[in-house]
Amino acid sequence: MIELAIAMSILLIGVVAVSSASARLHGLRKSSREITIGQNALRAMAERIHARAYTVAEDDPGEWAEKLTAIYSAGGEFGDTFDVRGLNVDRGEVSIGSLQILTDETLTDEALGFQIGMPRDLNGDGDALDTDVSATARILPVLLTLQWTGQNRTSEITQGFFVTSY
């Protein structure tokens, strides 16, 4: 009888360990899926911005930066926020994704909280001292950020890239 009790205890410990590992793997799989959805959404939005920059530059090369920032600003044609299907909006937030087109050459990576290589001469005038280059920029840094409520916590992904006048 004692041997049977010991065997059942060992078996029970094994079953609990396997079920715990299975539950943890399910959580990791869901978290990994959310990150993949987020990364794909950021790539798609970056491609959309590049395509729009090309179209705007083709139509009016002199004012491409000003028009692009107007399109992707609050109240613009596309706005400065976007949703991502498959991710849950973080509490208190209106949307999952936000974008920021930087037109201030004096911003630093530390101030942005992201390593993108700022300050940088965005309009090609030989200095990085202009606070608004939206009318004369030749290159514009863009920051895309996703923030969502995931499996067990709030998750965030930020991607930075540059858009140039074509």
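If you're matching positions, the sequence shown starts at 23 in this note's numbering and goes up one per residue.
Every residue gets a Cβ at the ideal spot worked out from N, C-alpha and C, and that includes glycine.
Values in this document were obtained by computation on a predicted structure and should not be read as measured data.
Q.
Does the structure place the region 152-160 close enough to the region 131-141 that three or more beta carbon pairs sit under 8 Å?
A. These segments do not touch.
Q) Hey, out of L165, V106, E127, T153, whose CA is closest to L144's CA? A) E127
Q: Note the first and the last residue of the continuous beta strand (DSSP E) segment covering L26.
A: Per DSSP, L26 belongs to no beta strand (DSSP E); it is in the alpha helix (DSSP H), 24-81.
Q. Would you call the region 45-53 and the region 82-100 in contact, with 3 or more CB pairs under 8 Å?
A. Remark: fewer than three beta-carbon pairs, one from each stretch, lie closer than 8 Å, so the region 45-53 and the region 82-100 are not flagged as touching.
Q) Within this structure, are the beta carbons of I35 and G108 separated by less than 9 Å? A) no
(Q) Here's the rule I'm using: 16 or more other beta-carbon atoms within 10 Å means buried, otherwise exposed. How should E115 be labelled? (A) exposed
Q) Distance, Cα to Cα, L124 vs E88? A) 11 Å
Q. Closest by CA to E99, which one among V78, L166, F183?
A. Of V78, L166, F183, the smallest CA-CA separation from E99 is found for V78.
Q | Boundaries of the alpha helix (DSSP H) in which I93 is found, first to last residue | A | I93 -> alpha helix (DSSP H) spans 86-93.
Q | Residue environment, M30, which counts as buried when at least 16 other CB atoms sit within 10 Å | A | exposed
Q) Cβ of L8 within 9 Å of Cβ of V185? A) Coverage of the chain is limited to positions 23 through 188, which leaves residue 8 absent and any answer about it impossible.
Q: Go through the region 143-173 residue by residue and report every complete run of the beta strand (DSSP E) that reaches 3 residues or more, in order.
A: 161-171
Q) Ordered along the chain, which non-local residues of its own chain (more than five positions away) have a Cβ less than 6 Å from that of Q169? A) D112, E178
Q: Determine the direct distance from the alpha carbon of F183 to that of A68, and round the result to whole angstroms.
A: Each residue's alpha carbon lies about 8 Å from the other.
**Q.** Whole-angstrom C-beta distance between L64 and Q137, which should lie under 8 Å
**A.** Rounded, the Cβ-Cβ distance is 16 Å, inconsistent with contact.
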